[in-house]
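Visitor: I have a structure here, written as structure tokens, and I will follow up with some questions on it.
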Amino acid sequence: MAYSIKRSCRRVAGAPYLPPPPVVDEAAWADSSRELLFVESPIKALAVAHHLKTAVIGLAGVSTGGETGENRLHPELRQRVALDGRRVVILFDSNRLKPQVRKAEKTLARQLHAVGASVFIAALPSIEGEDVGPDDFCRLLGANPLQKVVSEALPWRERLSTDIPSWIDELERTGERVYPLWGT
């Protein structure tokens, strides 16, 4: 079977851009009654959407949902996806307690909350001590355990306050560094 690409096809860096086939229908983005997940990458989004049959946005890294230089969601997200009143679950990899990941998670949660989303954060557990993403988790354990993790997501402020003691938030706010008193 032969395939041909239309000359009018969108191009990226001179090459034809062929988006993957949609996993969920187009209406999922406009329907604020349907749950929406945010994961760390487009590949993870495809895997999660395939297994959970839900709308998933794959960021190009944990800190890329916002507008460059601004503390608000990227305009395209605000325009193309119904967020007001929508249950949105942030589902980052199991290493989400790393300071830079936690900071990005908190920023994204605030940005989503600011546009009216009902924001939750899921805590993906590691598997046998290894950090995993939701795609790996699903591949190793199946869709049902991943759905359970998503359904047990906590409201964002509650999740962030139970993950790490409040003094760490204060240190993040002030920019102070912490040095352990034990070893180097």
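Per the working numbering, the very first residue in the sequence shown carries number 212; after that it's consecutive. Here a beta-carbon is modelled for each residue, glycine too, at the ideal position from N, C-alpha and C. Quantities reported herein were computed from a predicted structural model and do not represent experimental measurements.
Using 9 Å as the limit for Cβ to Cβ distance, is Asp242 near chain B?
Guide: In the displayed structure, chain B is absent; only one protein chain is listed.
Visitor: Please classify Arg291 as buried or exposed, where buried requires at least 16 neighbouring CB atoms within 10 angstroms.
Guide: As a working mapping, residue 291 is identified with position 80 in the sequence shown. Per the 10 Å Cβ criterion, exposed.
Visitor: Going by DSSP in three states, Leu247 sits in which element: helix, strand or coil?
Guide: As a working note, residue 247 is residue 36 in the sequence shown. DSSP places Leu247 in strand when its eight states are reduced to three.
Visitor: Which two residues bound the contiguous alpha helix (DSSP H) that contains Ser362?
Guide: The residue you call residue 362 lines up with position 151 of the sequence shown. Ser362 -> alpha helix (DSSP H) spans 354 to 362.
Visitor: Grouping DSSP H, G and I as helix and E and B as strand, with all else coil, what is Ser377?
Guide: The sequence position of residue 377 within the sequence shown is 166, counting from 1. The pLDDT assigned to Ser377 is 48, lower than 50, so where the model puts this residue is not dependable; a value taken from the coordinates is nonetheless given after this. Helix at Ser377.
Visitor: Please name the residue in His261, Asp242, Thr265, Ile338 whose C-alpha comes closest to that of Ser362.
Guide: Here residue 362 refers to the residue found at position 151 of the sequence shown. Closest by alpha carbon: Thr265.
Visitor: In this structure, does DSSP put Ser305 in helix, strand or coil?
Guide: By 1-based counting over the sequence shown, the position of residue 305 is 94. In the structure shown, Ser305 sits in coil (DSSP, three-state: anything other than H, G, I, E or B).
Visitor: To the nearest angstrom, report how far apart Cys349 and His262 are at their CA atoms.
Guide: The count along the sequence shown starts at 1 and reaches residue 349 at position 138. The count along the sequence shown starts at 1 and reaches residue 262 at position 51. Each residue's Cα considered, the two are about 8 Å apart.
Visitor: Have a look at the DSSP bridge pairing and note the partners of Arg298.
Guide: As a working note, residue 298 is residue 87 in the sequence shown. Looking at the DSSP assignment, Arg298 forms a beta bridge with Ser329.
Visitor: Suppose contacts are defined by Cβ-Cβ distances below 9 Å. Is Leu247 in contact with Ala238 by that definition?
Guide: Stepping through the sequence shown from its first residue, residue 247 is reached at position 36. Stepping through the sequence shown from its first residue, residue 238 is reached at position 27. Contact flag unset, no.
Visitor: What first and last residue would you give for the alpha helix (DSSP H) that runs through Ala238?
Guide: Reading the sequence shown from its first residue, position 27 is the one you call residue 238. Where Ala238 is concerned, the enclosing alpha helix (DSSP H) stretches over 238 to 241.
Visitor: Where Gly340 and Val235 are concerned, what is the direct C-alpha to C-alpha distance, given to the nearest angstrom?
Guide: Taking the first residue of the sequence shown as position 1, residue 340 is located at position 129. Taking the first residue of the sequence shown as position 1, residue 235 is located at position 24. Approximately 33 Å, taken between the alpha carbons.
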